[in-house]
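Numbering follows my numbering, with no gaps: position 412 of the sequence shown is 417. Cβ coordinates follow ideal geometry from the N, Cα and C atoms, glycine included. Let me begin by presenting the structure, written as structure tokens, before commenting on it.
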Amino acid sequence: MTLDPMVWEQIRAGRAPDAEVVERIARSELAVLGSAGAADAGARLSASVLGAGPLERLMEDPAITDIAVNGDGRVWVDRGAGMEQVAVSLGSVAVRRAMAVRLAALAGRRLDDTAAYVDAVLPTGVRLHAILPPLVGGGPHLTLRVPARVPLSFEDLVAAGSVPVGWGPVLRGLVERRVSFLVSGGTGAGKTTLLGALLGLADQRERILVVEDVRELAVEHPHVVHLEGRSPNVEGVGEVTMVTLLRQALRMRPDRIVVGEVRGAEVRELLSALNTGHEGGAGTIHANAASDVVARIEALGALAGMSLPAVHAQVLSALAVVVQVRRHGRERTVESIGVVMGDPGGRPRVVPVLHRVRGEGGNLAGSEGSGGSEGSGSGGIGGSAEGDPAGWLALRQAARERLMALVGAEVVP
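Here's what the structure looks like:
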């Protein structure tokens, strides 16, 4: 197939020709290739100059959630059981770089030697991260997070076993009774998926303001407004931070304010918003255990210039519940539901009321909060069954009663 030199120049520069140009080129080959051949050639050309080239078919695979292209050109995918290498050839370093530049341009971002990395969302909803040498070894590295074509509903998660039997009314109650909560977990544990599914349960008359650094949260709800941050340009200007977006969201008549991921100084604005009448706020936070959430918020508060006493006071009055999620192989499950309570020294603690335990044969079952990993660490619950059994039982019972009052549902071990 012969391309016009101007089209080649656009491709080399990372500027994708529009779909009309691609269609015209495919039609010009009709006599040589026949209708079927021209259609196939057009599809391949479109993928090469308008999309992700050979990666397009991987992005269309509903089983794939993540795609990684390393500097050596090898391609890895995650189908839910960890990363595995796939046989896909992307060509030379120059070709891979042109693809990275093109994808960044499709997302409205610039990628070159002066702006050597980008974090953005493609028009298809795929989240793109790309970084160029010399910031990374070898050739360009690309990481693509592929969203589900249809966001999973809460009912989908229950049916899949991601929500333990009997926990559904508790999680529904968090949303329906406008309880403020955070979903915490490690990377790839399903935090965003669960948060989106829960927000889909909100009253249809509510106006939900979602603030994210990069848009990722999908919510099946008729009135959702997405605010997305912006990185500075190569001159170092034009940045729009999460802090700025949260302040704007407060002026947009929100019924709920949601932060896609709390990971910086915006924690101050979020806690302040939840303390000034904006009930039902929610977000996600990276923590490998619910007991680590308070320490994580303390660290983020320090970035915002907050003192520890100020952080503790804000957390105790603004945040009610922490829902912990975890990934076990292919399974992404809700592992615990805990209540934020103050210890005798005034420090907030996450007390697990419901905790999922792995039984014989690897089966998972719900149980009432117990010691385990959730009761250890600096963010633990301030005691243990061994050290203070009476205090432990009293704290657990108080947390259980508070959770029932918050969600208006019986909490059954």
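- In its chain, beyond the 5 residues on either side, Val74, Val91 and Val93 have a beta carbon closer than 6 Å to the beta carbon of Val80.
- Spatial neighbours of Leu206 in its own chain (CB-CB distance under 8 Å, excluding positions within 5 residues in sequence) are listed in chain order as Phe159, Arg177, Val180 and Glu181.
- Straight through space, the alpha carbons of Leu222 and Thr197 are spaced by roughly 6 Å.
- A distance below 6 Å between beta-carbons, with the five flanking residues on each side excluded, links Ile262 to the following residues of its chain, in chain order: Leu214, Ala254, Ala278, His283 and Gly286.
- Taken in chain order, the whole beta strand (DSSP E) runs of length 3 or more contained in the stretch 78 to 128 are 80 to 83, 88 to 91 and 122 to 126.
- For Asp161, the three-state secondary structure derived from DSSP is helix.
- By the Cβ rule, the stretch 289 to 300 counts as touching the stretch 257 to 275, because three or more pairs are nearer than 8 Å.
- With fewer than 16 other Cβ atoms inside 10 Å of its own Cβ, Ala99 counts as exposed.
- In the three-state reduction of the DSSP assignment, Arg132 falls in the strand class.
- Across the set Ala121, Arg62, Ala153 and Ala399, the C-alpha of Ala153 shows the shortest separation from the C-alpha of Gly201.
- Rounded to whole angstroms, the separation of the alpha carbons of Val224 and Leu276 is 22 Å.
- In the structure shown, Gly350 adopts coil according to DSSP, grouped into three states.
- With at least 16 other beta carbons inside 10 angstroms of its own, Val298 counts as buried.
- Less than 8 Å divides the Cβ of Pro145 from the Cβ of Ala135.
- Sixteen is the threshold: when 16 or more other Cβ atoms of the shown chains lie within 10 Å of the Cβ of Gly234, as they do, the residue is buried.
- Under DSSP, the beta-bridge partners assigned to His231 are Val215.
- Rounded to the nearest whole angstrom, the CA to CA distance from Thr192 to Gly351 is 30 Å.
- Apart from sequence neighbours up to five positions away, the residues of its chain that approach Ile69 with a beta-carbon distance below 8 Å are Leu63, Val82, Asp83, Arg84 and Val151, ordered along the chain.
- Residues of the same chain with their beta carbon placed closer than 6 Å to that of Pro138 are lacking, with the five preceding and five following residues left out of the count.
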